[in-house]
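Student: Heads up, the final residue of the sequence shown is numbered 539 in the working numbering, and it's a clean run with no missing numbers.
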Amino acid sequence: MAAGYDIVTPYPGRAVTWMRNEVRLVAAGMFRESDRAKAMAWLDDLTLAGAAVRELRAGAYGFTLTTSFGTRWMWMAHRVSELPHLTVTGDHRTPTKQMPIT
Numbered sequence: 438m439a440a441g442y443d444i445v446t447p448y449p450g451r452a453v454t455w456m457r458n459e460v461r462l463v464a465a466g467m468f469r470e471s472d473r474a475k476a477m478a479w480l481d482d483l484t485l486a487g488a489a490v491r492e493l494r495a496g497a498y499g500f501t502l503t504t505s506f507g508t509r510w511m512w513m514a515h516r517v518s519e520l521p522h523l524t525v526t527g528d529h530r531t532p533t534k535q536m537p538i539t
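Shown next as structure tokens:
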């Protein structure tokens, strides 16, 4: 199974929703029922989902799912207050070879 995608969002609830969707996708492809049950237990706990949003507002949240084969799946979300500024110097031409308007 390949990993899904990542997102950047200013909303902790959307980040946790993304994590839950990704866990749901991974769980659907798991070989053993016991592994799917672990994932579904986390997905079904809406109190835990609310706690995840609160933890993310405070800093970070992560969920780890270890399968019976020993494979570890990890989903992480971090609060981002400011995105870093571009500090690379040099020619920043677009693919059409034009300088971007700043």
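All residues carry an ideal CB built from backbone N, CA and C; glycine is no exception.
In this text, all values refer to a predicted model and were calculated from it rather than measured experimentally.
Any idea if PHE506 is buried or exposed, counting beta-carbon neighbours within 10 angstroms, 16 or more meaning buried?
Tutor: Exposed, since its Cβ has fewer than 16 Cβ neighbours within 10 Å.
Student: Which one or two residues does DSSP pair with TRP512 in a beta bridge?
Tutor: PHE500
Student: Would you tell me roughly how many angstroms separate the C-alpha atoms of ALA452 and VAL445, rounded to the nearest one?
Tutor: 8 angstroms
Student: Using a threshold of 8 angstroms, state whether the C-beta atoms of ALA497 and ALA486 are closer than that.
Tutor: no
Student: What are the start and end residues of the alpha helix (DSSP H) that includes PRO449?
Tutor: 449-465
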